[in-house]
Amino acid sequence: MTALIVCHFVLAAFARPLVRALGRRAFVVLALPPAAATVWAATQWNTAASGSAVTWTWRWMPAYDVTVALRFDALAELMVLLAAGIGTLVLLYCASYFTDGTPQLAGFAGNLLAFAGAMLALVLADDLISLYVFWELTTVFSFLLIGYDSEQKHSRRSALQALTVTTLGGLAMLVGFLIIGQSAGTYRISAILADPPRAGLAVSVAVVLILCGALSKSAIWPFSLWLPNAMAAPTPVSAYLHAAAMVKAGVYLVARLAPGFADVPVWRPVVIVLGAATMLLGGWRALRLNDLKLVLAYGTVSQLGFLTLLAGTGNRDTALAAAVMILGHALFKAPLFLVTGIVDHAAGTRDLRRLSGVGRALPHVCTVAVLAAASMAALPPLLGFAAKEAAFDALLHGSTADRWALGITVAGSALTVAYTLRFVWGAFFRKPGAEDTPVHRVGWAFLAPPALLAVCGLVLGPGVGWTDRLFGAYADAFPPSAHPYHLALWHGFGTALLLSAVATAGGVLLFTGRTTVTRLSRRIAWPTADSVFGHLLLGLERFSLQLTGFVQRGSLSVYLATTLLVMLAGQLTVLGVDRPWRGAVAPRVWDVPLQGAVALLTCAAALCCLTVRRRMKAVVLAGLTGYGAALLFVVQGGPDLALTQFCVETVSMIVFVLVLRRMPVHFQESVSTWRRAVRIPVALAAAATLGVVVWVASAARTGAPAGAAMVEEVSHHGLKDVVATILVDLRSWDTMGESAVLAAAAVGVTSLIYLHRRTEGSSLREEVRGRTAWSLTAPGMTGLPHGDEGAPERGWLAAGSTLAPEHRSIVFEVVARLLFHPVLVLSVYLLFCAENMPGGGFVAGLVAGLALITRYLAGGRFELAEAAPLQPGLFTGLGLFLSTGVALLGLADGTVLHAWTHHGRLPLIGEYHIGTPIIFDFGVYLLVLGVVLDIVRALGAKIDRQIERAAAEQAAAAGTAAPPRPAPGTEGTPG
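According to the working numbering, the sequence shown is numbered sequentially starting from 166.
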């Protein structure tokens, strides 16, 4: 089972090269994994029909009792045959539906196969958490498939609507899963159904939440709005996702959980009422539509309501009817969608008002459509008739609520017959006064998939008894009935047959009076759910804009004050109610007097920030407070923290300086007296509250500190630096998450500046010799000596020609160039010495970044490009790749981020050892280096370009553009 699922995703990853090499014929290769799954499921028929199950488990999160568990039983047999079998035929159908020149064909092919893999895993999952994971994977892939034609606004809107509705339902379902798992003491589905938790308020709430997810997935009212709009997807997607796979996921979940939760009081009212309402509303709407796909779409909504009603009623016979109806629905609805695609392909339209005489031009296509439509209308001897008979008989012998549901299903079945006739008449019959629609011939490969499905519906009608043993194995999970129903095509004359005849006759009458019915349907039509959804989104957008305009006023001081006031209110409330300081140890003023001196100087620097008017002075003073905190770490005996703080503060100050180049020199905000009177108490209160909270939190410790245990654990492995070991081994999960957040933040910041390209590119010689940001700070000076022209010249910087002579510092250039490589070596040393001395990947990456920043400060953006010719994204991506790879490598031993160490001996070097934490830390090193380089290029090099562009525009506007300044040493002597 696992290999079959993995094969889907692996081959989907290779869809692009396959499509590039084979064109549309690649779909034949991509059909191999679902075909293999179909064959495997067929070989397991007897095992599933006997009531046995094939299982596979892998303990994913042992501490939380979360496992990836797969279970293949009778219901899974049915769903695997549908998801894999119809998926195979749909992929083969795509080879004829598309052309080699179809745009984005590779992405479509990969997404369709990946969806098939996710659907296969979903129906096999025997764990609530893993089921939810695959559930959401089908949501994501369906979003990509529905929005395949992303250039069309309607496709994008339909995909977003489907994603919104099904994702919200999925999140509600996840909460329900968690409640059920906690109540049952396990997340294993088979164990929960074997011993369901006792019905109570929590279980009832969980059931409602789970049903929200299931009903939204299966487009049950009021969540049915997304399915008709999803017809914007290509026809193969509609045939697979919306007839046999995705929309069946909700029905499957109801059928899977019904044996254990059908007796919960809220279950049956929700399932029966909403299922019946959906059956009527969907069928009634289908009677007035003219697009063949929309007729089938609303018919699908109606049938899904019927399936949900049967699957959720909660007795043996209705469960048996639900199982055979799921099979029958897939075998008639999928070929009808595929035939619609053929008609659209051959005639160029799906509008039944424009189609005329297509049945005479395409007789074989018409035959296939009539076979499938007859099964949908429940005409004998097709499978749809046997399934409808089973449903009517089960509801007829059920409870009072079941008999009420029976009346609604008979009315819904009449609507089904009516829109079935409308589909066949509209697609293939001749219309009075209309010319025959010109069509082109259809190849056998194009027609074979829907024909095979329609023939299966015809064969399984008389042979429905072959499935009784399999479906009975699922139905036997419910309490036995007094007279168990068995599947057969003919049960003799009875009430069920009479009701079928009434439904058929009613459908014929509705179709005969289709003009009146259509006029009446449009006259009494409610606002469509799609329009309601659109108005809700528009109202939400307007409300969010108004709320954002009210809250986001562009004042950082207001934002900070709001944050502090909310923090104050929460903390003071907790402190006032709990009074946690009672019994706490009184705080010490300091451990050593030097701490007090450093703290006093730090506070003085912070207070000085309030009096300065120049932004640069404020940045320097704020940096001094950071350096003061680093000194406190030094005094306290935390060299790792101190080194990190020093590096972070240095990089932060440089970033501030780079930003300040585009800002006024002085603060322009005028602070009134009353504002200052408000700000000072808020700031002081926040500081005092935080101080008290830190003291209370420290004094509230009741357990023994973990430091001693960590020191012992680290020394047990022959290491000394506890902090570095914590970061890359003991708490490496936190480090990996923080690294990902850091990378995302850097990408977000730089994306605000790089609107188009994020590459600096190679510097043109003309641009290097032109006017740059580093030569625009002052007017050019003349008469500067250039030394002996005959003496050899030493270029310390690669981009020295771009610097204005009057602003060059030869000492700084020489020092920057001479220290560049030693600093890089120092960063590598800090990386590898972290096991026993202060250092680590984070600090080492900052040190390497400082080396590059020094080159930039000495020579500008061209010097930075020469010092770091590779793109920052390469470092960031490679760092994340290494860290994640080390994390996943631990799965070989069963645990993510499991550490290994290799000991060896090398000539000249002697004993050595290397462990996966070092590789993990090297990934952090590369990531931090990439982030620093990306920020410097964004706030440095990119702003340099903006300065140069603004200067060029001003010079052009003034008509006094200066000629390019020659590089130093190239000036000619007039003679």
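Each residue gets a CB set at the ideal place from its N, CA and C atoms; glycine is no exception.
Contact defined as beta carbons within less than 8 angstroms: I believe residue i pairs with residue j. What is the distance between those atoms, to the nearest angstrom?
{"i": "T574", "j": "L560", "result": "7 angstroms"}
{"i": "P500", "j": "L618", "result": "4 angstroms"}
{"i": "T505", "j": "T400", "result": "6 angstroms"}
{"i": "A542", "j": "G672", "result": "7 angstroms"}
{"i": "L1091", "j": "L1043", "result": "5 angstroms"}
{"i": "T443", "j": "I385", "result": "5 angstroms"}
{"i": "T854", "j": "L737", "result": "7 angstroms"}
{"i": "V239", "j": "A202", "result": "Checking the sequence shown, residue 239 turns out to be Ala, not Val. About 17 angstroms separates the two Cβ atoms, so there is no contact after all."}
{"i": "V533", "j": "T602", "result": "That belief does not hold up - the Cβ atoms of V533 and T602 are roughly 18 angstroms apart, past 8 angstroms."}
{"i": "Y1021", "j": "G902", "result": "About 30 angstroms; that fails the 8 angstroms criterion."}
{"i": "G479", "j": "A427", "result": "3 angstroms"}
{"i": "F1007", "j": "V1093", "result": "6 angstroms"}
{"i": "P1003", "j": "P745", "result": "Not confirmed; about 35 angstroms, so no contact."}
Excluding the 5 residues preceding and the 5 following residue i in the sequence, name in chain order all residues of the same chain whose CB lies nearer than 6 angstroms to its CB.
{"i": "A599", "result": "S521"}
{"i": "A286", "result": "I170, F299"}
{"i": "E978", "result": "W961, L962, A1023"}
{"i": "A539", "result": "L547"}
{"i": "G945", "result": "Note that G945 scores 48 on pLDDT, short of 50, meaning its location in the model is unreliable; the coordinates nonetheless yield the value given after this. Excluding sequence neighbours, G945 sits near nothing in its chain."}
{"i": "G445", "result": "Sequence check: residue 445 is Leu here, not Gly. Result list for L445: G577, in chain order."}
{"i": "A180", "result": "A271, A274, G275"}
{"i": "A168", "result": "none"}
{"i": "P198", "result": "C172, H173, L176"}
Judging by CA-CA distance, which residue of the options is the nearest neighbour of residue i?
{"i": "T232", "options": "L287, T264, S295", "result": "S295"}
{"i": "H1078", "options": "F997, T505, T867", "result": "F997"}
{"i": "V754", "options": "A762, R747, G748", "result": "A762"}
{"i": "I1083", "options": "L376, W1065, I1074", "result": "W1065"}
{"i": "M244", "options": "L625, V489, I385", "result": "V489"}
{"i": "S320", "options": "I251, L366, A398, L278", "result": "A398"}
{"i": "L765", "options": "A537, V777, R744, L789", "result": "L789"}
{"i": "T465", "options": "A408, S722, V604, A1121", "result": "A408"}
{"i": "A512", "options": "T713, V530, R778, A794", "result": "V530"}
{"i": "V914", "options": "T267, A555, L1098", "result": "L1098"}
{"i": "T654", "options": "W746, E554, L702", "result": "Residue 654 is actually Leu in this sequence, not Thr. With distances taken between Cα atoms, L654 lies closest to E554."}
{"i": "V620", "options": "T728, L701, G493, V667", "result": "G493"}
{"i": "G659", "options": "F557, L235, V402", "result": "F557"}
{"i": "N211", "options": "L635, A395, T351", "result": "L635"}
{"i": "T222", "options": "T565, D292, V193, S837", "result": "D292"}
Between residue i and the rest of its own chain, which residues show a CB-CB distance below 7 angstroms, the 5 nearest in sequence each way excluded?
{"i": "K782", "result": "none"}
{"i": "V288", "result": "A241, M244, V245, A248, Y417"}
{"i": "L796", "result": "V763"}
{"i": "V184", "result": "A191, L270, A271, A274"}
{"i": "A666", "result": "none"}
{"i": "A279", "result": "H173, F174, A177, F306"}
Given the structure, does residue i come close to the ligand ATP, in the sense that its CB is under 7 angstroms from one of the ligand's heavy atoms?
{"i": "R519", "result": "This structure simply doesn't include the ligand ATP, nor any ligand for that matter."}
Run through the DSSP bridge pairs and tell me what residue i is partnered with.
{"i": "D292", "result": "R353"}
{"i": "I1079", "result": "H1067"}
{"i": "W223", "result": "V233"}
{"i": "D886", "result": "None, per the DSSP bridge assignment."}
{"i": "H831", "result": "R779"}
{"i": "D456", "result": "D516"}
When the cut-off is 8 angstroms and only beta carbons count, does residue i lie next to chain C?
{"i": "L195", "result": "Of the protein chains in this structure there is only one, and it is not chain C."}
Under 8 angstroms Cβ to Cβ from residue i, same chain only, skipping five residues before and after it: list those, please.
{"i": "V988", "result": "V1012, A1013, L1015, A1016, T1019"}
{"i": "L825", "result": "R780, M781, V784"}
{"i": "L454", "result": "V460, Y463"}
{"i": "V906", "result": "none"}
{"i": "F611", "result": "Y258, S261, Y262, I507, H510"}
{"i": "D360", "result": "A349"}
Requested in this report: Starting from the N-terminal side, write out each stretch of the alpha helix (DSSP H) that is 4 residues or longer and does not extend beyond the segment 558 to 622.
Outcome: 565 to 593
Report task. Jot down the residue ranges of each uninterrupted alpha helix (DSSP H) in the segment 1002 to 1047, minimum 4 residues, whole runs only, in chain order. Result -> 1006 to 1032
Requested in this report: Kindly provide the ranges of any alpha helix (DSSP H) runs that are 4 or more residues long and lie completely inside the segment 684 to 757, ordered along the chain.
Outcome: 694 to 716, 721 to 743
**Report entry** Secondary structure, alpha helix (DSSP H): runs of 4+ residues fully inside the segment 299 to 368
**Finding:** 318 to 349, 354 to 359
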